Structures are given as structure tokens and as C-alpha cells.
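Colleague: Protein sequences appear in the order of chains H and C. Just so it is clear: in the first sequence, position 118 is 118 by the working numbering, and no numbers are missing. Just so it is clear: in the second sequence, position 340 is 340 by the working numbering, and no numbers are missing. Beta carbons: idealized from backbone N, C-alpha and C, even for Gly. Given the structure is predicted, the values throughout are model-derived calculations rather than measurements.
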Amino acid sequence: MPDATGLELLAQDLREAHPDAVADTVFFRDKGTLVVGPARIGDVLQFLKGRGFTFLASVHGVDYYPEEPRLGVHYELLDMREVDRLTVKLRVPTGDPVVPSVTPEWPTADHQEREVYDMFGVVFDGHPDLRRILMPEDYEGFPQRRDFPIGGEPILFTEHAAQGTDYTLGTNVADPEKLATTGEQ
Amino acid sequence: MATTEEPRTAAVDVSSIDHAVSPSDVYGTHDELLTLNMGPHHPATHGVLRLLTVLEGEVVRDVKPIIGYVHTGIEKTCEDKSYWKVVPVIERMDYLAYYFNAMAYCGAVERLLDLEVPKRAQYLRVIHLELCRIMSHMVWMGTGALDLGAISIFWYCFRERETILDLFEMSSGQRMHTRYIQVGGVMEDIPTGFVEKCRAFCRTMPGRMDDVAAILTKNEIVLARLRDVCPLDAQTLLDYGVTGPLLRAAGNPWDLRKAEPYSSYDDFDFKIPIGAQGDNYDRFAVRLAEVYESVKIIEQALDGLPEGPYITEDRKVRLPPRHELATSMEALIHHFKLVTEGFRVPPGEVYFPIEGPRGEYGCFVRSDGSSKPARVHMRDPSFVNLQAFPPMVKDAYIADLIATLAMLDPVLGGIDR
Numbered sequence: 001m002p003d004a005t006g007l008e009l010l011a012q013d014l015r016e017a018h019p020d021a022v023a024d025t026v027f028f029r030d031k032g033t034l035v036v037g038p039a040r041i042g043d044v045l046q047f048l049k050g051r052g053f054t055f056l057a058s059v060h061g062v063d064y065y066p067e068e069p070r071l072g073v074h075y076e077l078l079d080m081r082e083v084d085r086l087t088v089k090l091r092v093p094t095g096d097p098v099v100p101s102v103t104p105e106w107p108t109a110d111h112q113e114r115e116v117y118d119m120f121g122v123v124f125d126g127h128p129d130l131r132r133i134l135m136p137e138d139y140e141g142f143p144q145r146r147d148f149p150i151g152g153e154p155i156l157f158t159e160h161a162a163q164g165t166d167y168t169l170g171t172n173v174a175d176p177e178k179l180a181t182t183g184e185q
Numbered sequence: 001m002a003t004t005e006e007p008r009t010a011a012v013d014v015s016s017i018d019h020a021v022s023p024s025d026v027y028g029t030h031d032e033l034l035t036l037n038m039g040p041h042h043p044a045t046h047g048v049l050r051l052l053t054v055l056e057g058e059v060v061r062d063v064k065p066i067i068g069y070v071h072t073g074i075e076k077t078c079e080d081k082s083y084w085k086v087v088p089v090i091e092r093m094d095y096l097a098y099y100f101n102a103m104a105y106c107g108a109v110e111r112l113l114d115l116e117v118p119k120r121a122q123y124l125r126v127i128h129l130e131l132c133r134i135m136s137h138m139v140w141m142g143t144g145a146l147d148l149g150a151i152s153i154f155w156y157c158f159r160e161r162e163t164i165l166d167l168f169e170m171s172s173g174q175r176m177h178t179r180y181i182q183v184g185g186v187m188e189d190i191p192t193g194f195v196e197k198c199r200a201f202c203r204t205m206p207g208r209m210d211d212v213a214a215i216l217t218k219n220e221i222v223l224a225r226l227r228d229v230c231p232l233d234a235q236t237l238l239d240y241g242v243t244g245p246l247l248r249a250a251g252n253p254w255d256l257r258k259a260e261p262y263s264s265y266d267d268f269d270f271k272i273p274i275g276a277q278g279d280n281y282d283r284f285a286v287r288l289a290e291v292y293e294s295v296k297i298i299e300q301a302l303d304g305l306p307e308g309p310y311i312t313e314d315r316k317v318r319l320p321p322r323h324e325l326a327t328s329m330e331a332l333i334h335h336f337k338l339v340t341e342g343f344r345v346p347p348g349e350v351y352f353p354i355e356g357p358r359g360e361y362g363c364f365v366r367s368d369g370s371s372k373p374a375r376v377h378m379r380d381p382s383f384v385n386l387q388a389f390p391p392m393v394k395d396a397y398i399a400d401l402i403a404t405l406a407m408l409d410p411v412l413g414g415i416d417r
């Protein structure tokens with residue numbers, strides 16, 4: 001496991017190779033984290049690949065609501081020879097949630113970036129097939145965001161179908177002023 | 001047969017077709033591709049997995065897995081539950097590896113809390129994790145053999161699985177989704193008679209596996225269906241993020257139990273079975289060999305089971321013993337606080353990986369300092385491993401696609417979460 005000093009040295013090397021790539025370093029519970037700018041993520045991961053972190057274990061999203069910028073994407077890297085783990089984190093605002101895709105260099109990121117897009121609405125620029133993966137294709141909204149309510153999902157019951165409600169939009173098609181689930185205002 | 005002299009004009013004129021010439025001479029060559037949908041409800045897809053296959057004759061040219069049919073939003077649900085109430089929900093992700101889901105989550109929370117787990121609890125966890133690994137491999141082997149057309153293996157494997165579920169029922173009261181592992185240790189100490197029953201299982205299991213191996217590994221049909229079928233090299237697997245038996249079958253001995261020991265795995269002596277070719281037979285053989293190693297680990301854990309508490313003594317995290325509630329005001333307050341609000345966890349983010357039956361189960365937990373996790377994410381190996389399925393089956397026969405899917409061992413509950 002890398003110690004705090006090792007993390008700083010790594011960050012220093014990274015800063016020399018790519019100035020303004022590393023925004024911050026965090027060392028928490030015996031594990032290092034590099035906070036990077038979203039635009040340089042491809043360069044950073046490629047640099048770390050050269051330093052032995054050749055396995056991308058996980059890509060996942062986080063919503064830091066109410067902090068800004070809200071959306072985070074985490075890359076869990078693993079060095080199998082040194083048995084060393086490193087997290088690379090970046091943050092993007094909800095207004096411009098664009099992150100360069102790393103799928104061309106890391107095929108494992110394919111499904112995982114799609115999941116982050118599906119759940120948080122982070123757009124991965126350059127992803128070969130950026131579609132929803134777990135939610136239905138015509139779904140609206142990003143359900144893992146913190147401001148997406150639990151129980152806010154309208155459920156289509158038989159009686160609602162008779163009212164002409166659309167479960168994906170959550171609105172009453174016949175009367176958009178009414179809520180889909182209850183038929184109330 | 002003689003060929004007709006008359007020129008063939010219309011293909012629909014059946015009488016004009018001579019059987020000495022191939023249909024392609026009459027109709028033109030059939031180089032067009034057929035798109036065939038398999039699933040989501042298909043007995044060979046091991047759950048609700050939909051495969052959009054592109055076939056050229058019987059040969060698979062492309063396959064697109066379409067998932068999400070059993071997405072239940074477990075990660076979202078976790079954000080609305082206090083830390084200790086997340087365990088039963090998160091166990092239902094990969095429904096064959098419930099101990100592993102719980103272990104990855106509890107390990108992450110314990111790391112956030114900086115909490116030491118007693119040695120006895122660690123050993124009890126190891127016993128149940130390895131039992132669960134055998135149980136998962138039994139389901140895989142039974143259903144996998146079923147896909148190859150061998151139904152008797154299914155009954156043998158499910159007999160062993162039942163024995164393990166009986167053990168789970170004995171220690172926790174539940175057969176599946178036991179909620180046995182919890183933050184700080186395990187739910188309860190093992191009852192009287194558990195050790196003896198578990199030892200009896202460990203004595204019989206290798207012989208039972210020998211029987212299954214004797215039926216399968218010397219079977220001409222099984223060998224023809226598995227050997228040299230759909231191999232994939234270790235580097236490609238690593239690029240796709242594949243871990244677990246699939247990666248080990250290709251010759252890479254990566255196993256988190258050895259590489260990054262957690263829960264006292266470094267106390268036990270066991271081997272990591274690896275394959276050489278990375279074909280379907282190796283995938284099968286590696287899992288079969290893992291069962292023997294798991295039995296060895298369980299036996300060692302039973303032999304060396306230390307005395308002591310089965311859960312941490314930290315009353316801020318664990319529920320007080322039931323009998324104290326009648327006599328101790330402090331215990332009553334702790335009980336009330338834990339049951340109503342739950343315990344608070346210092347802010348931070350951790351990723352806790354463990355080795356499950358399908359690979360790396362990595363649980364990411366973010367705490368904002370409250371009593372509910374701000375984000376829970378499971379890096380499920382089935383979800384990641386599924387990406388390696390299209391390169392595996394490209395240019396293979398469609399029958400081998402079924403066999404490869406069986407040897408991939410995806411659990412759709414884990415993929416969709």
C-alpha cells in the first residue's frame with residue numbers, strides 16, 4: 001500500500017508530466033486519492049498505467065449534492081504486481097456534465113461509464129455507445145442523483161392505464177396538470 | 001443425377017430444382033446475417049439476460065448483451081436506510097453471493113469507522129464466506145451442466161447446496177439472504193452442533209466432488225463441448241476488467257484472498273487453482289478445484305476458531321445483549337438510539353474489495369457524517385465480466401455461446417442491482 005509520501009511523489013511526477021492535471025491529493029484510511037481536472041482524465045490514467053496501475057477495477061459515480069460541482073466520477077486503479085490501489089476522482093457540474101471517455105483505452109469502462117451516464121447524467125465524450133444501460137431507454141431523469149426522490153417513480157396500475165397516464169413521464173397524458181399516480185392536482 | 005438442360009428461370013418453380021446443385025446456385029449465396037433475439041426469458045440465460053445475436057448460419061458474428069430487466073434500484077434504496085439496515089438490502093444484489101455482498105459492505109463501513117473486528121468474528125465470517133462460495137459454485141455447476149444437457153449433475157449439486165443452506169439456517173435462521181455478517185462482526189455466535197455438522201459436511205464434500213468430477217471430466221460429450229471452446233487470453237480479460245475464476249482460468253493467479261488478505265485469510269493455508277488455456281474447460285476446472293480449497297479453508301477455520309466475542313464490543317455500533325436491556329439503563333439507551341437512528345459514521349469515502357465466487361466485489365461507500373450512507377455502490381463482478389462475453393463468443397457456434405454463458409456464470413441480480 002502506498003503511504004502518504006508515496007502519493008505526494010506520484011502527484012509530483014504527474015504534475016511535471018501534465019501541469020494543472022492534479023488538483024488535490026487525499027490520503028484517507030491508508031489509501032491515496034488523486035483529484036484531477038475532468039479534461040485531463042485520459043492523460044492521467046495513461047500516465048498511471050505507465051506507473052504500474054494497469055487494471056481499472058471500477059468506475060462509479062457520486063452525487064455530492066448540495067456541494068458544487070455536484071457530480072463526481074471515481075476511477076479505482078489497481079497495480080497487480082505491487083498490490084497497490086489508487087483512486088482518481090474528478091468533479092463536474094450538473095450544468096456541463098461532460099467527461100472525456102476512457103473506454104477506447106480501457107474497454108472495461110464501457111458498461112460502467114454507461115451506468116454512470118444512466119444514473120447521474122454524466123456525458124462521456126467519445127464513448128462508442130453511450131446509451132442507458134439499466135433503466136429503460138425512454139426513461140427521463142437520472143435516478144441516482146440525490147435530488148431524485150425515492151418514491152417519486154410513478155407506477156402504472158391498471159386504473160391509471162385507463163386514465164391514459166404515461167408511466168415514463170409521470171404525467172397524465174390526458175390532463176398534464178394532474179399527477180399520474182393519484183390523478184390529483 | 002443428370003442436370004437439366006433447360007435454364008432455370010424462376011426459383012419458385014420447385015420442379016426445376018435439381019438436387020445435385022446446392023441451393024445457393026439457385027437462390028444465390030446466403031451471406032446475409034440473421035439477427036436473433038435470445039431472452040430476456042430464456043432458460044439458458046441464467047436469469048433475465050437478453051442477448052441480441054448476429055448469426056451467419058450457425059456462427060455468432062456479434063452479440064450484444066442487453067441488461068436492466070431486474071434493476072431494482074438497490075443502490076438508491078441504500079441511501080434511505082441507516083447503515084445497519086442496508087445489509088439485508090445489499091445482500092439481494094448478487095443473490096448467490098449474499099455473504100460476499102454483506103462482507104464487502106460491512107468491510108467498507110468498518111474501514112470508515114476504523115473499527116477492529118474480533119478474531120472470532122473474522123473466522124466465523126471466513127467459514128460462512130467459503131460455505132457461500134461452495135454454494136454458489138454448486139448452483140453454477142448444476143445449471144451449467146444442465147446447459148450442456150446433463151441433468152443428473154444438477155440434482156447432485158443441489159443436494160450439496162441444500163446441506164449448506166441447512167448450515168446457514170442453523171447459524172442465522174435463514175437459508176438465503178441471512179444477514180449474518182453485520183457491521184462489527186456477525187449477528188450471533190454459532191449454535192451448539194454447528195461445528196460438528198460443518199465438519200461432517202467438510203468430510204463428505206471432497207468425495208462428493210470426486211463423484212461429480214468423475215462423471216463430468218471423463219465424459220466425451222462434456223470434453224468435446226468445453227475443451228478449446230471460446231478461449232480468451234489473460235491480457236484481454238484484464239483489459240475488460242475480468243476477475244475471479246475466469247481470469248485464473250487464463251493463467252493469472254490473481255486472488256484477493258492471497259493478494260490483499262482481509263478477514264484473516266492470511267491465517268489459512270490454501271492454493272489458488274489456475275488454468276492454462278483460458279477455455280471453457282479451464283473455467284470449469286478452476287471452479288471445481290476451488291471447491292476443494294474452500295473446504296480446506298473451512299476445516300482450518302473450524303480447527304483454529306478462537307474464543308472471544310463474535311462482534312465488536314463497541315456499543316455505539318452493535319446492539320447491546322438482549323438480557324442487559326432489563327437491567328441496564330445505558331444498554332436501553334444505546335438500544336433505542338441504534339434502532340431508531342442508527343450509528344453515525346465519520347465522513348469519508350472508501351472502496352473495499354473482496355474476492356467473491358465471480359471475482360472482485362468492491363463496495364464503495366460514501367459517508368457524509370450522518371447515520372445513512374450518502375452513496376453505496378457495488379462493483380459487481382458479473383456486471384463487469386459480462387463485457388468479456390462478446391469477444392469470447394465471437395466466431396463461435398451458437399451452441400457454444402450457451403456453454404460459454406454457463407461457464408461465465410453471470411448472476412443477473414448482481415448485474416442489474
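The alpha helix (DSSP H) spanning Ile-164/C covers which residue range?
Modeller: For the purposes of this step, residue 164/C is taken as the residue at position 164 of the second sequence. Start and end: 151-172.
Colleague: If I follow the unbroken beta strand (DSSP E) through Asp-63/H, where does it start and stop?
Modeller: As a working note, residue 63/H is residue 63 in the first sequence. 55-63 is the span of the beta strand (DSSP E), which, as asked, contains Asp-63/H.
Colleague: I'd like to know if Val-35/H contacts chain C, where contact means its C-beta is closer than 8 Å to some C-beta of that chain.
Modeller: For the purposes of this step, residue 35/H is identified with residue 35 of the first sequence, where counting begins at 1. No, Val-35/H lies away from the interface with chain C (no Cβ there is under 8 Å from its Cβ).
Colleague: By DSSP's criteria, Val-393/C is part of a beta bridge. Which residues make up the other side?
Modeller: Locating residue 393/C in the second sequence gives position 393, counting from the first residue. In the DSSP output, where bridge partners are listed per residue, Val-393/C has none listed.
Colleague: Can you tell me where the alpha helix (DSSP H) with Thr-204/C in it begins and where it stops?
Modeller: Taking the second sequence and counting its residues from 1, one reaches residue 204/C at position 204. Looking at the DSSP string, the run of the alpha helix (DSSP H) that includes Thr-204/C is 194-217.
Colleague: Mind reading off the beta-carbon distance from Lys-372/C to Lys-81/C? Whole number of angstroms is fine, and I expect it under 8 Å.
Modeller: As a working mapping, residue 372/C is identified with position 372 in the second sequence. As a working mapping, residue 81/C is identified with position 81 in the second sequence. Going by Cβ atoms, the distance from Lys-372/C to Lys-81/C rounds to 6 Å, so yes, they are a contact pair.
Colleague: Which residues of the stretch 75-105 of chain H have a Cβ closer than 7 Å to any Cβ of chain C? Give them in chain order.
Modeller: Under the 7 Å Cβ criterion, the stretch 75-105 of chain H contributes Glu-76, Met-80, Val-83, Thr-87.
Colleague: In the DSSP assignment, what residue or residues form a beta bridge with Val-183/C?
Modeller: Walking along the second sequence from the start, residue 183/C turns up at place 183. In DSSP, Val-183/C forms no bridge with anything.
Colleague: Going by DSSP, what residues sit across from His-74/H in a beta bridge?
Modeller: Along the first sequence, one-based indexing puts residue 74/H at 74. Answer is His-60/H, Lys-89/H.
Colleague: For the stretch 45-71 of chain C, which residues have a CB atom closer than 8 Å to at least one CB atom of chain H, in sequence order?
Modeller: The stretch 45-71 of chain C vs chain H, Cβ under 8 Å: Ile-67, Gly-68, His-71.
Colleague: Under DSSP, the beta strand (DSSP E) around Gly-32/H begins and ends at which residues?
Modeller: As a position in the first sequence, residue 32/H is number 32, starting the count at 1. Gly-32/H -> beta strand (DSSP E) spans 31-36.
Colleague: With a threshold of 8 Å between beta carbons, is Gln-387/C in contact with chain H?
Modeller: Translated into positions along the second sequence, residue 387/C becomes position 387. For Gln-387/C, the answer is yes, since a Cβ of chain H falls inside 8 Å of its Cβ.
Colleague: Going by alpha carbons, who is nearest to Thr-5/H out of Val-44/H, Phe-55/H, His-111/H, Phe-28/H?
Modeller: Residue numbering aside, residue 5/H sits at position 5 when the first sequence is read from its first letter. For Thr-5/H, the nearest C-alpha among the options comes from Phe-28/H.
Colleague: Less than 8 Å between the C-beta atoms of Met-170/C and Ile-153/C, yes or no?
Modeller: Translated into positions along the second sequence, residue 170/C becomes position 170. Translated into positions along the second sequence, residue 153/C becomes position 153. Their beta carbons are not under 8 Å apart, which means Met-170/C does not touch Ile-153/C by this criterion.
Colleague: Just checking, does the stretch 94-106 of chain C make contact with the stretch 129-143 of chain C on the three C-beta pairs under 8 Å criterion?
Modeller: As far as the Cβ criterion goes, the stretch 94-106 of chain C touches the stretch 129-143 of chain C, which means the pair count is three or higher.
Colleague: Output needed for Asp-20/H: all residues of its chain with C-beta closer than 7 Å, excluding positions within five of it in sequence on either side, in chain order.
Modeller: Taking the first sequence and counting its residues from 1, the one referred to as residue 20/H is at position 20. Contacts found: Gly-37.
Colleague: Any beta-carbon of chain H closer than 8 Å to the one on Tyr-156/C?
Modeller: By one-based count along the second sequence, residue 156/C stands at place 156. Cβ-Cβ to chain H under 8 Å: no for Tyr-156/C.
Colleague: Determine the extent of the beta strand (DSSP E) in which Tyr-361/C is found, giving its start and end residues.
Modeller: Taking the first residue of the second sequence as position 1, residue 361/C is located at position 361. First-last of the beta strand (DSSP E) with Tyr-361/C: 359-367.
Colleague: To the nearest angstrom, report how far apart Cys-418/C and Ala-276/C are at their CA atoms.
Modeller: The structure shown does not extend to residue 418/C, since chain C is modelled only from 1 through 417, so no value can be given for it.
Colleague: Of the residues that make up the stretch 236-260 of chain C, which ones have a beta carbon closer than 7 Å to any beta carbon in chain B?
Modeller: No chain B is part of this structure, whose protein chains are labelled H and C.
Colleague: Take Trp-106/H and list the residues in its own chain whose beta-carbon comes closer than 6 Å to its own, dropping the five residues that flank it on each side.
Modeller: On the first sequence, position 106 is the one that residue 106/H refers to. Excluding sequence neighbours, Trp-106/H sits near Leu-56.
Colleague: Against chain H, which members of the stretch 354-369 of chain C pass a CB distance test of less than 8 Å?
Modeller: Within the stretch 354-369 of chain C, the residues whose Cβ lies closer than 8 Å to some Cβ of chain H are Glu-360, Gly-362, Phe-364, Arg-366, listed in chain order.
Colleague: Can a CB atom of chain C be found closer than 8 Å to the CB of His-60/H?
Modeller: Against the first sequence, residue 60/H aligns to sequence position 60. Closer than 8 Å to some Cβ of chain C, the Cβ of His-60/H qualifies, so yes.
Colleague: Considering only C-alpha positions, which residue in the set Pro-346/C, Gly-342/C, Glu-290/C, Ser-263/C is nearest to Phe-418/C?
Modeller: Since the first residue shown for chain C is 1 and the last is 417, residue 418/C is missing from the structure and cannot be characterised.
Colleague: Residues in its own chain within less than 8 Å of Pro-233/H by CB, not counting five upstream and five downstream?
Modeller: Any question about residue 233/H goes unanswered here, given that chain H covers just 1 to 185.
Colleague: Using a 10 Å radius around the Cβ and a threshold of 16 neighbouring Cβ atoms, would you call Pro-245/C buried or exposed?
Modeller: In the second sequence, the residue the question calls residue 245/C occupies position 245. Pro-245/C is buried by the Cβ-count criterion.
Colleague: With 8 Å as the threshold, decide whether the Cβ of Tyr-351/C is near any Cβ in chain H.
Modeller: The sequence position of residue 351/C within the second sequence is 351, counting from 1. So, interface residue.
Colleague: Quickly, what does DSSP pair Arg-37/C with across the bridge? List them, please.
Modeller: To locate residue 37/C, count along the second sequence from 1; it is residue 37. The question names Arg, but residue 37/C in the sequence shown is Asn. The partner list for Asn-37/C (beta bridge, DSSP) reads Leu-52/C.
Colleague: Name the chain C residues that come within less than 8 Å of Leu-56/H, Cβ to Cβ?
Modeller: Indexing the first sequence from 1 puts residue 56/H at position 56. Correct list: Gly-241.
Colleague: Is it true that the stretch 354-361 of chain C meets the stretch 113-128 of chain C, where meeting means three or more beta-carbon pairs spaced less than 8 Å apart?
Modeller: With a cut-off of 8 Å, the stretch 113-128 of chain C and the stretch 354-361 of chain C do not count as touching, because too few Cβ pairs lie within range.
Colleague: Roughly how many whole angstroms lie between the Cα atoms of Ala-331/C and Arg-318/C?
Modeller: Indexing the second sequence from 1 puts residue 331/C at position 331. Indexing the second sequence from 1 puts residue 318/C at position 318. Spanning the two alpha carbons is a distance of roughly 11 Å.
Colleague: DSSP on Leu-412/C, reduced to helix/strand/coil?
Modeller: For the purposes of this step, residue 412/C is identified with residue 412 of the second sequence, where counting begins at 1. DSSP places Leu-412/C in helix when its eight states are reduced to three.
Colleague: With a 10 Å radius around its C-beta and 16 neighbouring C-beta atoms as the bar for buried, classify Thr-87/H as buried or exposed.
Modeller: Here residue 87/H refers to the residue found at position 87 of the first sequence. With 16 or more other Cβ atoms within 10 Å, it is buried.
Colleague: Exposed or buried, which one is Asp-96/H when buried takes at least 16 other CB atoms within 10 Å?
Modeller: As a first step, residue 96/H is located in the first sequence; it is residue number 96 there, counting from the start. Counting Cβ neighbours within 10 Å, Asp-96/H comes out exposed, since fewer than 16 surround it.
Colleague: What does Asp-416/C touch in chain H if you count any residue whose Cβ is under 9 Å from its own?
Modeller: The count along the second sequence starts at 1 and reaches residue 416/C at position 416. Residues of chain H passing the Cβ test: Leu-134.
Colleague: In the structure shown, what three-state DSSP assignment does Tyr-98/C receive?
Modeller: Here residue 98/C refers to the residue found at position 98 of the second sequence. Of the three classes helix, strand and coil, the one that applies to Tyr-98/C here is helix, per DSSP.
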